[in-house]
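Heads up: take any position in the sequence shown, counting from 1, add 94, and you land on my numbering. Glycine is no exception: its CB is placed at the ideal position from the N, C-alpha and C atoms. Take a look at the structure set out below.
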Amino acid sequence: MRVLLIGSGGREHALAVGLAADPSVDDIIAAPGNPGIAAVAKLREVVVTDAAAVAELAVEVAADLVVIGPEAPLVAGAADAVRAKGIACFGPSAAAAQLEGSKAFAKEVMVAAGVPTGRSATCTTEGEVGAALAEFGPPYVVKNDGLAAGKGVVVTDSLAVARQHAEECGRVVIEEFLDGPEVSLFVVTDGTTAVPLMPAQDFKRVGDGDSGPNTGGMGAYAPLPWAPADLVERVLAETVQPTLAEMRRRGTPFAGLLYVGLALTTNGPKVIEFNARFGDPETQVVLALLASPLGGLLHAAATGTLADLPPLQWREGAAVTVVVAGHNYPGTPRTGDVIEGGEQPGVIHAGTARRADGALVSAGGRILSATATGADLADARTAAYKLIDGITLPGAHHRTDIALAAVEGRITT
Ligand code: AMP
Ligand code: GLY
95 MRVLLIGSGG REHALAVGLA ADPSVDDIIA APGNPGIAAV AKLREVVVTD AAAVAELAVE
155 VAADLVVIGP EAPLVAGAAD AVRAKGIACF GPSAAAAQLE GSKAFAKEVM VAAGVPTGRS
215 ATCTTEGEVG AALAEFGPPY VVKNDGLAAG KGVVVTDSLA VARQHAEECG RVVIEEFLDG
275 PEVSLFVVTD GTTAVPLMPA QDFKRVGDGD SGPNTGGMGA YAPLPWAPAD LVERVLAETV
335 QPTLAEMRRR GTPFAGLLYV GLALTTNGPK VIEFNARFGD PETQVVLALL ASPLGGLLHA
395 AATGTLADLP PLQWREGAAV TVVVAGHNYP GTPRTGDVIE GGEQPGVIHA GTARRADGAL
455 VSAGGRILSA TATGADLADA RTAAYKLIDG ITLPGAHHRT DIALAAVEGR ITT
């Protein structure tokens, strides 16, 4: 089959590598893609949030399947536009993507479906904000209602900082602080059947020891040796199935990738957020361990035939990915720095570009991620950092403690 992949980040590079390894995928076209993706796909230009343009491109390249990576085109209706052309599309409708597009909507669905999550209030006025902050107390959790590329959430002990973020956002969800290790669980679904992937852990804060501001994600690993044995089963029963049922009941079934961000609290797993697409950089480690053909899985989800698929197969061992971010990220990053060593196997490109002279240069906040597998987490971690050692990029920074606490057995639930 011929696949059109929409997006240009590390997640899309990992998806492209996974698709290229599937014998049923003959051809990959990526739009707009990046220099890493170019090694396995033909690149085309498209404005990803222009739903009509995405659909036209799908027709033009005669795609059998369109895979939409990022949230912005989903919220803009790209999957609806592609399906309207009679082409199978992996990714939820605009209506269903509101599970990510609006934190207030996601909370409303969770409450209606009885999903375990933190208590919350949606606030638009200073009075509502003050009342909610007083009710839930510190640490304060204030979330921009709309899409914010992983930077809309402020968790702080400072009432002034919490108020300030609320004022800047306009409409916010304020919620109780959820304590406990975080887990990202990806579920591939056709709206009814839910196929969970391997749980992973992301590192949201920019600095070692979870210091500094939130980012889009600075590294990830899988599997989670410390996770309760019944975690996936429990989250499917308590969260995923009720959410899918509620979305069907509303006439807006959710088909695509449901990303369940969880905190494993003392009262069990609670939802921190839903996303409507694969996580970045967790996808890099999850797909590095997936042995089943990726194209077949995504095509089955897109065509409502997931129930017919055999159970997923996973590789032995573990995977670790470490994100290399540009100077000043998560603030406005410096770009145009020359990258050496960015072409090694396992280096997943995100914010990279090809200069006219052929040099690989930085072009975004999260520039690349070094992804490696190993016999166990310690081996995979060593291999990922070894890969990093072979990369030179002026002004760049990365966390040095990805997967370290798990390797040292310091995570408890
Ligand atoms: P979100 O975009 O909703 O995933 O939030 C980004 C990050 O903020 C999460 O991965 C958590 O680290 C943190 N966070 C969000 N909501 C909460 C919460 N209710 N309690 C504690 N931390 C949170
Ligand atoms: N790694 C977090 C996200 O993809 O939202």
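Take the Cβ of residue i as the centre, count every other Cβ of all protein chains shown within 10 Å, and call the residue buried at 16 or more, exposed below.
i	result
D567	Shown here, the chain extends from 95 to 507; a query on residue 567 therefore has no answer.
Q407	exposed
G112	buried
D470	exposed
S252	exposed
R493	buried
V289	buried
E327	exposed
E106	buried
A357	buried
A198	buried
D42	Outside the displayed span of the chain (95 to 507) sits residue 42, for which this structure offers no information.
V153	exposed
K237	buried
G430	exposed
V205	exposed
A254	exposed
G311	buried
P439	exposed
P405	exposed
A145	buried
A450	exposed
A256	buried
Anyone know if the C-beta pair for residue i and residue j falls short of 7 Å?
i	j	result
G345	G411	no
A147	A135	no
V380	A316	yes
I433	L487	yes
T216	V267	yes
K364	L272	yes
G103	G350	no
A207	P336	yes
G420	I485	no
L388	R409	no
A190	F348	yes
G445	A457	yes
D239	S196	yes
L193	A370	yes
V140	L151	yes
E376	A478	no
L297	Y353	Note that residue 297 is Phe in the sequence shown, not Leu. Not a contact, by the Cβ cut-off of 7 Å.
I100	I162	yes
E340	G355	no
V209	T333	yes
R428	G489	yes
A110	I131	yes
Suppose the cutoff is 6 Å on Cβ atoms and the five residues either side in sequence are ignored; what does the same chain contact list for residue i look like?
i	result
C183	V160, A173, V176, R177 and A396
E269	G212, S214 and V235
T143	A166, P167 and A170
I505	P275, W320 and A499
V223	C217 and A260
V203	E340
Skipping 5 residues on each side, what residues in its chain have a beta carbon closer than 7 Å to that of residue i?
i	result
D495	D302 and G303
Q378	G104, A108, A314, T415, I442, S463 and T465
P424	K245, V300, P307, T309 and G459
A497	Y315, V414, L471 and R475
G231	none
R448	P129 and L454
S187	A173, D174 and T346
P233	V249, T250, D251 and F271
A133	none
S386	L406 and Q407
Using a Cβ-Cβ cut-off of 8 Å (strictly less than) and excluding sequence neighbours within five positions of residue i, which residues of its own chain qualify?
i	result
G390	D116, S118 and L403
D158	M95, R96, V97, I181, A182 and H393
I482	V416, V418, A464 and H492
T507	G274, P275, W320, A321, P322 and L358
V501	L471, A472 and R475
So who's on the other strand from residue i, going by DSSP bridges?
i	result
E269	S214 and V235
Y315	Q295 and V414
I162	I100
K136	I123
V442	According to the sequence shown, residue 442 is Ile rather than Val. Paired residues: S463.
V205	Beta-bridge pairing links V205 to no other residue.
K364	A357
T486	E434
T250	Y234
Would you check whether ligand 4 has a heavy atom nearer than 6 Å to the C-beta of residue i?
i	result
F271	Ligands in the displayed structure: ligand 1 and ligand 2; ligand 4 is not one of them.
- Task: Under 5 Å from any heavy atom of ligand 2, by CB: list those residues in chain order, please.
- Result: Qualifying residues come out as D296, G311, G373 and D374.
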